[in-house]
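Trainee: Chain order of the listed sequences is A and B.
So in this note's numbering, the last spot in the first sequence is 101, and the numbers never skip.
So in this note's numbering, the last spot in the second sequence is 245, and the numbers never skip.
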Amino acid sequence: MNALLGQNGDESGIPNAGILIEFAEAAVGADSPRLDAARAAVIEAMGGAALSDAAGVAALFNAIDRVADSTGIPLEEEKAELTADMRDQLGINEFGAVPEA
Amino acid sequence: MGSLSFDAAPVPVRDDIAAALPRVWARIGEPGSWLTAEQRVAIAAEARNVAGCTLCEDRKAAVSPYAITGEHSHLGALPAVWVDVIHRVISDPSRLTERWFREVTDGGISVEEYVELIGVVVSVVGIDTYCLGIDQAAPAIPAPKPGAPSPDKPDQLNAELAWVPTLDADVDGPLQQEFYAGAPANIRRALTLVPATARSFWEMANTLYMNGAQMRDFGTEYRAISHAQIEMIAGRVSALNQCVY
Numbered sequence: 001m002n003a004l005l006g007q008n009g010d011e012s013g014i015p016n017a018g019i020l021i022e023f024a025e026a027a028v029g030a031d032s033p034r035l036d037a038a039r040a041a042v043i044e045a046m047g048g049a050a051l052s053d054a055a056g057v058a059a060l061f062n063a064i065d066r067v068a069d070s071t072g073i074p075l076e077e078e079k080a081e082l083t084a085d086m087r088d089q090l091g092i093n094e095f096g097a098v099p100e101a
Numbered sequence: 001m002g003s004l005s006f007d008a009a010p011v012p013v014r015d016d017i018a019a020a021l022p023r024v025w026a027r028i029g030e031p032g033s034w035l036t037a038e039q040r041v042a043i044a045a046e047a048r049n050v051a052g053c054t055l056c057e058d059r060k061a062a063v064s065p066y067a068i069t070g071e072h073s074h075l076g077a078l079p080a081v082w083v084d085v086i087h088r089v090i091s092d093p094s095r096l097t098e099r100w101f102r103e104v105t106d107g108g109i110s111v112e113e114y115v116e117l118i119g120v121v122v123s124v125v126g127i128d129t130y131c132l133g134i135d136q137a138a139p140a141i142p143a144p145k146p147g148a149p150s151p152d153k154p155d156q157l158n159a160e161l162a163w164v165p166t167l168d169a170d171v172d173g174p175l176q177q178e179f180y181a182g183a184p185a186n187i188r189r190a191l192t193l194v195p196a197t198a199r200s201f202w203e204m205a206n207t208l209y210m211n212g213a214q215m216r217d218f219g220t221e222y223r224a225i226s227h228a229q230i231e232m233i234a235g236r237v238s239a240l241n242q243c244v245y
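1) Go through the stretch 110–183 of chain B residue by residue and report every complete run of the alpha helix (DSSP H) that reaches 4 residues or more, in order.
2) Just confirm the distance between the C-beta atoms of residue 50 of chain B and residue 142 of chain B, as a whole number of angstroms; I'd bet it's less than 8 angstroms.
3) Quick one: residues in its chain with C-beta nearer than 8 angstroms to the C-beta of residue 108 of chain B, no 5 flanking neighbours on either side, listed in chain order?
4) Taking the continuous alpha helix (DSSP H) assigned at residue 35 of chain A, which residues delimit it?
5) Just verifying my parser: in three-state terms, what is the DSSP assignment at residue 17 of chain A?
6) Within 10 angstroms of the Cβ of residue 63 of chain B, are there 16 or more other Cβ atoms? Answer buried if so, exposed if not.
7) Among residues of its own chain, excluding the 5 on either side of residue 67 of chain A, which ones have a beta-carbon nearer than 8 angstroms to its beta-carbon?
8) What residues in its chain sit with their C-beta under 6 angstroms from that of residue 144 of chain B, if we drop five residues either side in the sequence?
9) Roughly how far, in whole angstroms, is the beta-carbon of residue 156 of chain B from the beta-carbon of residue 182 of chain B, given that I think they are within contact range, below 8 angstroms?
10) Use the C-beta contact count for residue 69 of chain B: other C-beta atoms within 10 angstroms, 16 or more gives buried, fewer gives exposed.
11) Of the residues B:166, B:154, B:239, B:11, which one's Cα is nearest the Cα of residue 42 of chain A?
12) So is residue 69 of chain A in contact with chain B if we call contact Cβ pairs under 8 angstroms?
13) Can you confirm whether residue 18 of chain A, when its beta carbon is compared against all beta carbons of chain B, has any partner nearer than 8 angstroms?
14) Can residue 125 of chain B and residue 63 of chain A be called in contact, C-beta distance under 8 angstroms?
15) Taking all protein chains shown into account, decide if residue 208 of chain B is buried (16 or more other Cβ within 10 angstroms of its Cβ) or exposed.
16) Just the Cα atoms here: how many angstroms apart are residue 16 of chain A and residue 55 of chain A?
17) Would a check of beta-carbon distances place residue 96 of chain B closer than 8 angstroms to chain C?
18) Starting from the Cα of residue 116 of chain B, find the closest Cα among B:2, B:31, B:176 and give me that residue.
19) So the candidates are B:197, B:170, B:54; which of them puts its Cα closest to the Cα of residue 24 of chain B?
20) The stretch 42–63 of chain A: which residues have C-beta closer than 8 angstroms to a C-beta of chain B, in chain order?
21) Starting from the Cα of residue 154 of chain B, find the closest Cα among B:165, B:161, B:147 and give me that residue.
22) For the alpha helix (DSSP H) holding residue 49 of chain B, just list the boundary residues, first then last.
23) Roughly how many angstroms separate the alpha carbons of residue 18 of chain A and residue 176 of chain B, rounded to a whole number?
24) When burial is assigned at 16 or more other CB atoms within 10 Å of the CB, is residue 240 of chain B buried or exposed?
25) Look at the Cβ atom of residue 34 of chain B, then the Cβ atom of residue 101 of chain B, and state whether they are nearer than 8 angstroms.
26) Under 8 angstroms between C-beta atoms, does residue 99 of chain A make it to chain B?
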């Protein structure tokens, strides 16, 4: 879980975690040289088809996050209960916090 | 002009992506359910215009984006309320509030138009992000096709789940069978006020990510990356976007 929130994923046990996290960050950022390097690293380690599929996931979640945020869709009750401790520990509940205008 | 093709893509692109994304992209230039093709094309162009908006930059940096007033750097083709929706959804989506949503839908855009506008915006976000990811030039925005919108709204709506009304999941009907088959996560309901918008979004989503059955089938890998790698990328992007859902 810590890989999702800022660490490089090396301890996750997921193959090529660091390379894919770097690509995910670069794909939704504004740093072109960083993205160029991240693409090259994915292709070298995993091949072009993996780059395409990784780009697909990053793209979809860049879009679907905006669907959720703009329509006010709530987290399902069962998911909220199951993840309560985790969300609290990782600070996820503070995402998007806005002081009352 | 304005078409999307992966025939010359720099990396191998799955057949389903190569087929689906051009269809999703082309629909931007077609009359929608509540919006004209001209409006849809203007929304797409404005979505791409957000990057240079100084008001959005100031709001993003502020403790509260609602304390900063001003005018967006915009293309001049859409009403101010529509421009504000597009810019906030692109630049600072995690801090959208229900209060803001009620204000905009009470004063300048109908809820149906809002949902369809969101559909156009996220189609641009998804396809542009994918093209950038594989180092292919983003496609030109389609030219608008003639014709009037074809208004379509489900008869059975739930007004309690989300800010926007959604297709009622407690009724069994053809739309429910189309959108809610399997385990209907709340996100599946989000755009169902405008079925054509939901349909197009999920066509994009199911190819860029996985469909529901593939997502739950941990015994089979459907992509060149594993389920674990997919969910790690998804989680990291959502954390960067500060999306709680």
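Just so you know, even glycine gets a beta-carbon here, dropped at the ideal spot from N, CA and C.
The structure displayed is predicted, hence computed values, not measured ones.
Mentor: Short version:
1) 111–133, 174–179
2) Mapped onto the second sequence, residue 50 of chain B falls at position 50. Mapped onto the second sequence, residue 142 of chain B falls at position 142. The Cβ separation is near 19 angstroms, so there is no contact.
3) Here residue 108 of chain B refers to the residue found at position 108 of the second sequence. These residues qualify, in order along the chain: 79, 80, 81, 82.
4) Stepping through the first sequence from its first residue, residue 35 of chain A is reached at position 35. The continuous alpha helix (DSSP H) containing residue 35 of chain A extends over residues 32–46.
5) As a working mapping, residue 17 of chain A is identified with position 17 in the first sequence. Helix, per DSSP.
6) Within the second sequence, the letter at position 63 stands for residue 63 of chain B. With fewer than 16 Cβ atoms within 10 Å of its Cβ, residue 63 of chain B is classed as exposed.
7) Counted from its first residue, the first sequence places residue 67 of chain A at position 67. Excluding residues within five positions, the ones whose Cβ falls inside 8 angstroms are 73.
8) Along the second sequence, read from residue 1 onward, the residue named residue 144 of chain B stands at position 144. 29, 37, 38, 41.
9) Sequence index remark: in the second sequence, residue 156 of chain B carries index 156 (1-based). Sequence index remark: in the second sequence, residue 182 of chain B carries index 182 (1-based). That pair is no contact at about 19 angstroms.
10) Position 69 of the second sequence, counted from the start, is the residue given in the question as residue 69 of chain B. Classification for residue 69 of chain B: exposed.
11) The residue given as residue 42 of chain A occupies position 42 in the first sequence. Residue 42 of chain A has its Cα closest to that of B:11, out of B:166, B:154, B:239, B:11.
12) Locating residue 69 of chain A in the first sequence gives position 69, counting from the first residue. Yes - at least one Cβ of chain B is within 8 angstroms of the one on residue 69 of chain A.
13) The residue labelled residue 18 of chain A in the question sits at position 18 within the first sequence. So no, residue 18 of chain A is outside the interface.
14) Along the second sequence, read from residue 1 onward, the residue named residue 125 of chain B stands at position 125. Along the first sequence, read from residue 1 onward, the residue named residue 63 of chain A stands at position 63. Contact flag set, yes.
15) Taking the first residue of the second sequence as position 1, residue 208 of chain B is located at position 208. Residue 208 of chain B comes out buried.
16) Reading the first sequence from its first residue, position 16 is the one you call residue 16 of chain A. Reading the first sequence from its first residue, position 55 is the one you call residue 55 of chain A. Near 15 angstroms, if we compare the C-alpha coordinates of residue 55 of chain A and residue 16 of chain A.
17) The structure shown contains no chain C; the protein chains it does contain are A and B.
18) Within the second sequence, numbered from 1, the residue matching residue 116 of chain B stands at position 116. For residue 116 of chain B, the nearest C-alpha among the options comes from B:31.
19) For the purposes of this step, residue 24 of chain B is taken as residue 24 along the second sequence, with counting starting at 1. Ranking B:197, B:170, B:54 by Cα distance to residue 24 of chain B puts B:197 first.
20) 43, 46, 47, 48, 49, 50, 51, 52, 53, 54, 55, 56, 57, 58, 59, 60, 61, 62, 63
21) If you number the second sequence from 1, residue 154 of chain B lands on position 154. It is B:165 whose Cα lies nearest to the Cα of residue 154 of chain B.
22) Within the second sequence, the letter at position 49 stands for residue 49 of chain B. Looking at the DSSP string, the run of the alpha helix (DSSP H) that includes residue 49 of chain B is 37–49.
23) For the purposes of this step, residue 18 of chain A is taken as residue 18 along the first sequence, with counting starting at 1. For the purposes of this step, residue 176 of chain B is taken as residue 176 along the second sequence, with counting starting at 1. So the two alpha carbons sit approximately 40 angstroms from each other.
24) Counted from its first residue, the second sequence places residue 240 of chain B at position 240. Its Cβ being crowded by 16 or more others within 10 Å, residue 240 of chain B is buried.
25) Within the second sequence, residue 34 of chain B is the residue found at index 34, counting from 1. Within the second sequence, residue 101 of chain B is the residue found at index 101, counting from 1. In this structure, residue 34 of chain B lies away from residue 101 of chain B, with their beta-carbon atoms at least 8 angstroms apart.
26) Start at 1 with the first residue of the first sequence, and residue 99 of chain A comes out as number 99. Only weak support exists for where residue 99 of chain A lies, its pLDDT of 46 falling under 50; the coordinates are left without a value.
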